[in-house]
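Chemist: 1 is the number of the first residue of the sequence shown in the working numbering; add one for each residue after it.
Don't be surprised by glycine CBs; every beta carbon is placed ideally from N, CA and C.
Since the structure is predicted, the reported quantities are computational estimates derived from the model, not experimental observations.
For reference, the structure I am asking about is given below.
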Amino acid sequence: MTSEEVKNVNVNLSKSIENFNGEQGPSASEHCIKQLENTATLRSWPDAFTYETARTYLFGAAKFWLASKQIKVKDWHTFKRAFNKTFIFKRSNRVAWKSMEACVQTNKDNVSAYFMEKIALCKNLEMDFEEAKEQVAIGLWSKELSTYIISQSHEDEDNLFQDIITYARIDRARKERITQEKGKKIEQSNDNRKREVKVTEKMEPCLSYPQLRLGTNGDPRLPVKNEKGDYKCYNCNEFGHIAKKCGVEKRRPRYCENQEVWNEVT
Numbered sequence: 001m002t003s004e005e006v007k008n009v010n011v012n013l014s015k016s017i018e019n020f021n022g023e024q025g026p027s028a029s030e031h032c033i034k035q036l037e038n039t040a041t042l043r044s045w046p047d048a049f050t051y052e053t054a055r056t057y058l059f060g061a062a063k064f065w066l067a068s069k070q071i072k073v074k075d076w077h078t079f080k081r082a083f084n085k086t087f088i089f090k091r092s093n094r095v096a097w098k099s100m101e102a103c104v105q106t107n108k109d110n111v112s113a114y115f116m117e118k119i120a121l122c123k124n125l126e127m128d129f130e131e132a133k134e135q136v137a138i139g140l141w142s143k144e145l146s147t148y149i150i151s152q153s154h155e156d157e158d159n160l161f162q163d164i165i166t167y168a169r170i171d172r173a174r175k176e177r178i179t180q181e182k183g184k185k186i187e188q189s190n191d192n193r194k195r196e197v198k199v200t201e202k203m204e205p206c207l208s209y210p211q212l213r214l215g216t217n218g219d220p221r222l223p224v225k226n227e228k229g230d231y232k233c234y235n236c237n238e239f240g241h242i243a244k245k246c247g248v249e250k251r252r253p254r255y256c257e258n259q260e261v262w263n264e265v266t
């Protein structure tokens, strides 16, 4: 190679050429050889360098394949001819159809990537546009988007793709808005709960009965007695009976902020 040819070689090939092991099937094989050809054309590689680059990116079964072809494969042209003969072949319609059906969008898949892969698989089966559109709709994750595109008229796959992207963008913006609004409501609700807790902590329960005192023996559970030994009613303040048997309307307990302040509620 001349010095001028060396200058045209881009040593950073990892971003433009993928490794090939020969196990991905005819579609991946065709993509690999076209990727290499396009890179070589774009960077004006000589055939000798293209051939050496192709050998570098073979591994696994593909590397053993090349070793078995050493007698026939001597340069880029013989390499490409042998590669196409071995790895690029037409799959049966049954296998191709299964691959197409298996291509569906999950909730984590990008709709653009799904669409392009699905359309490519449909084209391999030589479907017309309307058939391909139906298969795209079947494989979509969103039921709403699937129903929407079926109800619309589209000229071709480009028009369909643009419609899908527009719908997905609007739907995503709508979901983000709803999520933000829910977040604000939850935050506001939490703030309200915190304020309620603070108010409740300040409020101490106190009974409206000013007669609540310790019993004669210091036990707070015992009622107060008079000199005759009669119990005092906490409800009407009279002796001779207890609040449980009092005939006067029961007084209701209330809450007050100051435990020392007693207010009667009748």
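Do the stretch 92–108 and the stretch 64–80 make contact, defined as three or more Cβ pairs closer than 8 Å?
Modeler: Touching, no, given that fewer than three Cβ pairs across the two stretches are closer than 8 Å.
Chemist: Please list, in chain order, all residues of the same chain as Val248 whose beta carbon is under 7 Å from its beta carbon, the five residues on each side excluded.
Modeler: Along the sequence shown, one-based indexing puts residue 248 at 248. Answer for Val248: Asn235, Cys236, listed in chain order.
Chemist: Taking Cβ to Cβ, would you say Trp76 is nearer than 9 Å to Ala54?
Modeler: Along the sequence shown, read from residue 1 onward, the residue named residue 76 stands at position 76. Along the sequence shown, read from residue 1 onward, the residue named residue 54 stands at position 54. Taking 9 Å as the Cβ cut-off, Trp76 and Ala54 qualify as a contacting pair.
Chemist: Beta-carbon within less than 8 Å of Glu131's beta-carbon, same chain only, minus the 5 sequence neighbours each way: which residues are those?
Modeler: Translated into positions along the sequence shown, residue 131 becomes position 131. Within the same chain, Glu131 has close Cβ partners Cys122.
Chemist: Check whether the stretch 137–145 touches the stretch 161–172, taking contact to mean three or more Cβ pairs, one atom from each stretch, closer than 8 Å.
Modeler: Yes, since at least three Cβ pairs between the stretch 137–145 and the stretch 161–172 fall closer than 8 Å, the two stretches touch.
Chemist: For Met116, does the count of other Cβ atoms within 10 angstroms reach 16, so buried, or fall short, so exposed?
Modeler: Position 116 of the sequence shown holds residue 116. Exposed, by the Cβ-count rule.
Chemist: From which residue to which residue does the alpha helix (DSSP H) around Tyr51 run?
Modeler: Locating residue 51 in the sequence shown gives position 51, where the first residue counts as 1. Note, Tyr51: alpha helix (DSSP H), 47–56.
Chemist: Taking only runs of the alpha helix (DSSP H) that begin and end inside the stretch 105–186, which ones reach a length of at least 4 residues, in chain order?
Modeler: DSSP runs (the alpha helix (DSSP H)) wholly in the stretch 105–186: 111–124, 129–139, 143–151.
Chemist: Hey, quick one: how far does the alpha helix (DSSP H) through Cys288 stretch, first residue to last?
Modeler: Residue 288 is absent from the model: the chain starts at 1 and stops at 266.
Chemist: Near Lys250, which residues of its chain fall below 7 Å by C-beta distance, leaving aside the five closest residues on each side in sequence?
Modeler: Position 250 of the sequence shown, counted from the first residue, corresponds to residue 250. The residues are Asn235.
Chemist: In its own chain, which residues sit with a C-beta less than 6 Å from the C-beta of Gly240, not counting the 5 before and 5 after it?
Modeler: As a first step, residue 240 must be located in the sequence shown, where it is residue number 240. Closer than 6 Å at Cβ, skipping near neighbours: Asp230.
Chemist: Secondary structure at Lys98, three-state DSSP: helix, strand or coil?
Modeler: Here residue 98 corresponds to residue number 98 of the sequence shown, with the count starting at 1. Lys98 falls in the helix class under three-state DSSP.
Chemist: Quick one: residues in its chain with C-beta nearer than 8 Å to the C-beta of Ser29, no 5 flanking neighbours on either side, listed in chain order?
Modeler: The residue you call residue 29 lines up with position 29 of the sequence shown. Correct list, in chain order: Phe20, Gly22, Phe83, Phe87, Ile88.
Chemist: Which one of Tyr148, Leu125, Ser27 has the shortest CA to CA distance from Asn93?
Modeler: Position 93 of the sequence shown holds residue 93. That would be Leu125, whose Cα lies nearest to the Cα of Asn93.
Chemist: Are Phe274 and Ser112 close, meaning C-beta to C-beta below 9 Å?
Modeler: Residue 274 lies beyond the range of the chain shown here (1 to 266); nothing can be said about it.
Chemist: Could you tell me the boundaries of the alpha helix (DSSP H) in which Ala67 lies?
Modeler: Residue numbering aside, residue 67 sits at position 67 when the sequence shown is read from its first letter. Its alpha helix (DSSP H) spans residues 61–68.
Chemist: Just the C-alpha distance for Gln180 and Arg193, rounded to the nearest angstrom, thanks.
Modeler: Counting from 1 along the sequence shown, the entry for residue 180 is found at position 180. Counting from 1 along the sequence shown, the entry for residue 193 is found at position 193. Near 20 Å, if we compare the C-alpha coordinates of Arg193 and Gln180.
Chemist: May I ask you to report which of helix, strand or coil DSSP gives Lys232?
Modeler: For the purposes of this step, residue 232 is identified with residue 232 of the sequence shown, where counting begins at 1. The answer is strand: DSSP assigns Lys232 an E or B state.
Chemist: Please report how far the alpha carbon of Ala137 lies from the alpha carbon of Glu155, in whole angstroms.
Modeler: Taking the sequence shown and counting its residues from 1, the one referred to as residue 137 is at position 137. Taking the sequence shown and counting its residues from 1, the one referred to as residue 155 is at position 155. Each residue's alpha carbon lies about 16 Å from the other.
Chemist: So Arg251 is in the alpha helix (DSSP H); what residue range does that whole segment cover?
Modeler: Translated into the one-based positions of the sequence shown, residue 251 becomes position 251. Neither: Arg251 is in no alpha helix (DSSP H) and is coded neither H nor E.
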